Structure formats: structure tokens, C-alpha cells
Amino acid sequence: EECSIVSDSTWSMDSQAKANRIFLVLGTYHGQPAWWYTLLYDDPEKIRDFKRMLQGENAGRYTLNLHDYGVILQSGFGIEPPQDINDSIWDKLK
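Here it is in C-alpha cells:
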């Protein structure tokens with residue numbers, strides 16, 4: 160299986176509300192370093208659970224199905240996303 164890359168996402172809600180729900184998740188996929196820009200669902204309970212699993216002493220202890228928490232906007236292999244991907248995510252919110 161490969162990481163899926165979604166290049167054409169729709170941006171229909173308020174950009175500030177979206178910015179507060181976009182997270183860059185760094186991890187591994189089948190043993191390879193990978194990253195995912197994820198727009199979390201507008202569900203306070205899911206957001207709280209998601210943040211709890213990724214912060215502090217819990218970081219790195221969980222295997223997540225990101226689709227349970229939101230929509231993957233962009234993803235790929237590597238330690239971190241290329242700068243052009245970072246720029247494109249945030250440019251869409253301007």
C-alpha cells in the first residue's frame with residue numbers, strides 16, 4: 160500500500176476555523192518515515208482525543224487511522240513535507 164496524496168481539496172469553510180483544525184502528523188507507514196496534513200473533523204470530542212494521543216508522554220505510542228479523525232489533505236513519504244507542500248496548504252487559507 161502507498162500513502163495516498165490528495166492534491167485537490169475543497170476549501171468551503173472559514174479559513175481561520177480550518178487553520179485551527181489542520182495538523183501535520185509525522186510518523187511511519189510500513190516502516191518508512193511519512194507525513195500527513197490532516198484537517199480534523201469539526202467534532203470537539205474527536206479533536207480532544209486526537210490531540211491527547213499526539214502530545215506529551217503519549218506521543219508516538221499509538222497507531223492511528225487518520226480517516227477516523229479527519230480528511231487527509233496531503234501526504235507523502237519522508238521525514239517532513241517539502242516546502243512547496245507546506246506553502247500550498249497555508250496559501251489556500253489566505
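The numbering used here numbers the first residue of the sequence shown as 160 and each following residue consecutively. Each residue gets a CB set at the ideal place from its N, CA and C atoms; glycine is no exception. Just so it is clear, the structure is predicted and the values come from calculations on it, not from any experiment.
### Query
So what's PRO192 in DSSP terms, helix, strand or just coil?
The answer is strand: DSSP assigns PRO192 an E or B state.
### Query
Does any heavy atom of the ligand PLP sit closer than 7 Å to the C-beta of LYS251?
This structure simply doesn't include the ligand PLP, nor any ligand for that matter.
### Query
My guess is that LEU232 and LEU198 are in contact by the Cβ rule of under 8 Å, so how many angstroms apart are they, rounded?
Contact holds; Cβ gap of about 6 Å.
### Message
Give me the residue from TYR228, ASP208, ALA193 with the minimum Cα distance to PRO241.
### Response
Selected option, being the one with the closest Cα: ALA193.
### Query
Could you give the distance in angstroms between the alpha-carbon of LYS251 and the alpha-carbon of TYR196?
Looking at the two C-alpha atoms, the distance is approximately 13 Å.
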